[in-house]
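Just so you know, we're using this note's numbering here: the sequence shown kicks off at 3 and counts up by one.
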Amino acid sequence: MASEKMTSTKLVLHVALTITLVVLLPSLGRAQSETVKLGDLAAISNAAVYIAIEKGFFKEQGVVTEISNFASAAKQVPALVAGELEVSVGSASAGLFNAVAQQAPFRIVADKGQAREGFGFSLLTVRKDLVDSGQVKTFRDLKGKKIAILAKGNIQHYLVGKMAEEAGLTINDVDLTFLDAPSQVTAFETKAIDASYAVEPWPARFQERGVAVRFRTPDQVKGLGPVQVGVIIYSGKFIKERRPVAQRWMTAYLKAAELFHKNGTKDPEIAAILEKYTKVPAKVIQAAIPPYQDPNGKVLVENL
C-alpha cells in the first residue's frame, strides 16, 4: 500500500512539473520542419491531434506528426520507454504506473479526455438482444458474461471493476476478453461477447449496427466522479533533447483542443476529420458522446 501511494505521489509530481515545463517554455523562432513520432489508438478523444494535423496547426509550428497505430494504450508504454515513440495518446494503465515506479523516462503532459457528467464517452455497452429480452437489466446480470476490453490492466479494466464493485461483484465475477475495438463489432454480431467497455466512437458504432446499446457510464457509478481517461505522454528523451519541438507540438495541440472543446463532434468538419482517422462514418461520429477536453490541457492530477 505504501509503495502504491509513493508511485501515485511520484506520478502527481511528475505531471504537475512537466505540464509547467512544457506549456510555459518560451516561444522560439521557427526552424525547418521537425518530425515527431506519435503512438495512436483511433478514438474520438484523439480529435485534437487529428485536427492539428488536418488544419495545419502542427505545420504552423514547424512540426510533422508521424503516426504509428497500436491496439491499446498500454502497448505504447514499452515503445515510449525504448524511445521508439516521442508522444503517446495514452491512458492510465497498470503498465504506466509500473513504469513510473521503475523511474521510466516519460512524463504525462496534458489532458486528452475526461469522462464526467454529460461527457460519458468511455462507457459500457451490452448486446442488444440481452437488453431487449430483459436478461440484462443491471450490471449484476452480467455475472459470468463475457466483457471485451482492449487490454489487461488498462483504464477500462479498472472501470469495469468499479462497476462490478458497485453491483456487489468483483472483477473475477465477469469473463474479461481482450479485443481491439474494430474486432468487437464482429464479436457482437456473432454473439462471441456479451458486453464491451470502450471509448467513442465504438459504442456509437455498435449502436448504429444494431448489435449493442449504451448501458452505463462512469458518472453513473456512485462516488466515482470525473475520471481522467486519456492523457498525452512525452518520452523523457523528447523533453530533454528536443524541448523546443516538444513546446511547439504542445502549442499546436492545445490550439486544436480549444477548437474541439468549442465545436465538438457534431461539427461537420471535425466529424469528417475523425472519420478519416477512425474509419467510422461521420454520421456515427456525430451521434457519439464526446469527451470533456480541458481547453488548456489541464490534467486531473489527483484523479490519476
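A virtual CB, placed ideally from N, CA and C, is assigned to each residue, including glycine. Predicted model, so just to flag it, every value in this text is computed and none were measured.
Please go through the same chain and pick out, in chain order, the residues whose beta-carbon is closer than 6 Å to the beta-carbon of residue i, but skip the five residues on each side of it.
{"i": "Y294", "result": "Q116, R118, F121"}
{"i": "F141", "result": "M165, A169"}
{"i": "I157", "result": "S93, A94, V231"}
{"i": "A183", "result": "A200, W204"}
{"i": "N48", "result": "V91"}
{"i": "E88", "result": "V38, K39, S237, F240"}
{"i": "V133", "result": "V215"}
{"i": "A284", "result": "A273, A274, E277"}
{"i": "I195", "result": "K148, A150, A189"}
{"i": "Y52", "result": "I275, Y279"}
{"i": "K257", "result": "F59"}
{"i": "F72", "result": "G41, L43, Q78"}
Using the Cα positions of residue i and residue j, report the straight-line distance between them to the nearest angstrom.
{"i": "V213", "j": "K281", "result": "18 Å"}
{"i": "E56", "j": "G146", "result": "44 Å"}
{"i": "G299", "j": "V215", "result": "31 Å"}
{"i": "P220", "j": "V229", "result": "7 Å"}
{"i": "V301", "j": "D131", "result": "38 Å"}
{"i": "K7", "j": "N305", "result": "Note that K7 scores a pLDDT of 45, beneath 50, so its modelled location is shaky; the value from the coordinates is reported in the next line. Cα-Cα distance, rounded: 13 Å."}
{"i": "A150", "j": "E62", "result": "40 Å"}
{"i": "E155", "j": "V233", "result": "It should be noted that the sequence gives Gly, not Glu, for residue 155. If I take the Cα positions, the gap works out to 16 Å."}
{"i": "A259", "j": "E191", "result": "35 Å"}
{"i": "D143", "j": "A290", "result": "26 Å"}
{"i": "A197", "j": "S185", "result": "13 Å"}
{"i": "V162", "j": "L82", "result": "26 Å"}
{"i": "G227", "j": "A44", "result": "25 Å"}
{"i": "T172", "j": "Q137", "result": "20 Å"}
{"i": "L26", "j": "K148", "result": "Caution is warranted here: a pLDDT of 45 is assigned to L26, below 50, making its placement in the model unreliable, and no coordinate value can be reported."}
{"i": "S5", "j": "A96", "result": "Note that S5 scores 47 on pLDDT, short of 50, meaning its location in the model is unreliable and no value can be drawn from it."}
{"i": "A106", "j": "V79", "result": "9 Å"}
{"i": "K139", "j": "V128", "result": "10 Å"}
{"i": "K335", "j": "V111", "result": "Look at the range of the chain in this structure, 3 to 306, and you will see that residue 335 is not part of it."}
{"i": "G271", "j": "G41", "result": "Here residue 271 turns out to be Glu, not Gly, going by the sequence shown. Taking the straight line joining both Cα atoms gives about 24 Å."}
{"i": "V176", "j": "Y160", "result": "13 Å"}
{"i": "Q222", "j": "E86", "result": "38 Å"}
{"i": "Q104", "j": "E243", "result": "21 Å"}
{"i": "I46", "j": "F99", "result": "24 Å"}
Report back the beta-carbon spacing between residue i and residue j to the nearest angstrom; my notes put them in contact at under 8 Å.
{"i": "V38", "j": "E68", "result": "7 Å"}
{"i": "A153", "j": "S70", "result": "Rounded, the Cβ-Cβ distance is 17 Å, inconsistent with contact."}
State the DSSP-derived secondary structure class of residue i, mapped to helix, strand or coil.
{"i": "N265", "result": "helix"}
{"i": "D196", "result": "coil"}
{"i": "E307", "result": "Past the boundaries of the shown model lies residue 307; the chain is included only from 3 to 306, so the question cannot be answered."}
{"i": "G41", "result": "strand"}
{"i": "R207", "result": "helix"}
{"i": "I149", "result": "strand"}
{"i": "F72", "result": "coil"}
{"i": "V343", "result": "There is no way to answer for residue 343, as the model of the chain reaches only from 3 to 306."}
{"i": "R109", "result": "strand"}
{"i": "S185", "result": "helix"}
{"i": "S135", "result": "coil"}
{"i": "A101", "result": "helix"}
{"i": "E56", "result": "helix"}
{"i": "G299", "result": "coil"}
{"i": "K224", "result": "coil"}
{"i": "R244", "result": "coil"}
{"i": "L30", "result": "Here L30 scores only 42 on pLDDT, less than 50, and its place in the model is too uncertain to base an answer on."}
{"i": "G163", "result": "helix"}
So what does residue i bridge to, in DSSP terms?
{"i": "L276", "result": "Paired residue(s): none; L276 is not in a bridge."}
{"i": "G232", "result": "S93, G115"}
{"i": "F121", "result": "R118"}
{"i": "E36", "result": "V65"}
{"i": "A214", "result": "R129"}
{"i": "L178", "result": "I149"}
{"i": "Y294", "result": "Q116"}
{"i": "E201", "result": "Inspection of the sequence shows that residue 201 is occupied by Val rather than by Glu. The partner list for V201 (beta bridge, DSSP) reads S124."}
{"i": "N156", "result": "S95"}
{"i": "S237", "result": "F108"}
So, at 7 Å on beta carbons, what are the nonlocal neighbours of residue i in its own chain, with the 5 sequence-adjacent residues on each side left out?
{"i": "R207", "result": "V187, V282, V286"}
{"i": "T253", "result": "Q63"}
{"i": "P297", "result": "A259, E260, H263"}
Can you name, in chain order, every residue of its own chain whose Cβ lies under 8 Å from the Cβ of residue i, other than the five neighbours on each side?
{"i": "V66", "result": "S35, E36, T37, V38, F60"}
{"i": "R218", "result": "L125, L126, F141, M165"}
{"i": "K224", "result": "E168"}
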